[in-house]
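Inspection log for the structure reproduced underneath, given as structure tokens.
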Amino acid sequence: MPEDYEPLLQDSVEIAAAPAQVWELVQDVRSIPQWSPQVDSTRLRDGYERVELGAQFTNRNSHGDLEWTTHGEIVRFEAEQELAFRIQENWVVWSFRLEPTSHGGTRLTQRRETPDGISDMSLKLTDGFLGGQATFTEVQRAGMRQTLEGIKAAAEGQSPSDAAGS
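Numbered by the numbering used here, the letters in the sequence shown go through residues 1120 to 1285 in order.
Okay, structure coming up:
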């Protein structure tokens, strides 16, 4: 199967809030469904009480009429700096990185990296059910933008529709 996926997807947003405030919003993977158009719910797996390095969780995802479950593990967790998790089914690593800006705000970057490639199963399912790699990559890019804008709106005390116009 050809590897016609992009190995790195990345988007950033400038937020008029301190890194500590933004970290409060992104540090808990269970809050991602508030902003992500694809993640419907996230819960810690049995045996895990806190979101921390090594914690495992389950996502319920959807795209159109399709629904599926994924399993993640926190692989990087640095307070006020970075949260990253690896998805078992497709091997990708999603992350949020926070960097302070010179004016007291935060640059929040969301990344999807593929350090080990993407699993054959995921590539086949994307091609067969999600419109192919190029189409689904655009869906993921739009989802990243929506997620970042939602976090920005929450951190700045706006409604997401207000943030979309800024």
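The beta carbon of each residue, even a glycine, is placed where N, CA and C say it ideally should be. A quick note: this is a predicted structure, and the numbers were derived from the prediction, not measured.
| Item | Value |
| --- | --- |
| Considering Cα atoms alone, identify which of 1148, 1188, 1190 is closest to residue 1170. | 1148 |
| Using beta carbons (cut-off 7 angstroms, strictly below), is residue 1180 in contact with chain B? | Chain labels in this structure do not include chain B; a single protein chain is all it has. |
| Would you tell me roughly how many angstroms separate the C-alpha atoms of residue 1286 and residue 1175, rounded to the nearest one? | What is shown of the chain runs 1120 to 1285, which leaves residue 1286 out entirely. |
| Please name the residue, chosen from 1192, 1261, 1185, that lies closest to residue 1177 on a Cα-to-Cα basis. | 1192 |
| Would you give the residue range spanned by the alpha helix (DSSP H) that residue 1246 belongs to? | 1239–1248 |
| Can you give me the C-alpha to C-alpha distance between residue 1250 and residue 1187, rounded to a whole angstrom? | 16 angstroms |
| Are there 16 or more other CB atoms within 10 angstroms of the CB of residue 1271, so buried, or fewer, so exposed? | buried |
| With a threshold of 7 angstroms on Cβ separation, who are the neighbours of residue 1133 within its own chain once the five nearest residues in sequence on each side are excluded? | 1220, 1224, 1226 |
| Could you have a look at residue 1155 and say whether DSSP puts it in helix, strand or coil? | coil |
| Taking C-beta to C-beta, are residue 1232 and residue 1144 nearer than 7 angstroms? | no |
| Would you kindly check if the distance between the Cβ of residue 1275 and the Cβ of residue 1139 is under 7 angstroms? | no |
| Which residue or residues does DSSP assign as beta-bridge partners of residue 1132? | 1227 |
| Label residue 1166 either buried or exposed according to how many other C-beta atoms from any shown protein chain fall within 10 Å of its C-beta, with 16 as the threshold for buried. | exposed |
| Our contact map puts residue 1080 next to residue 1200 with C-beta atoms below 8 angstroms; I'd like the distance itself, whole angstroms only. | There is no way to answer for residue 1080, as the model of the chain reaches only from 1120 to 1285. |
| Once DSSP output is grouped into helix, strand and coil, what is the label at residue 1185? | strand |
| Can you tell me which residues form a DSSP beta bridge with residue 1270? | Residue 1270 pairs with nothing; no bridge assigned. |
| Identify whether residue 1127 lies in helix, strand or coil by the three-state DSSP scheme. | strand |
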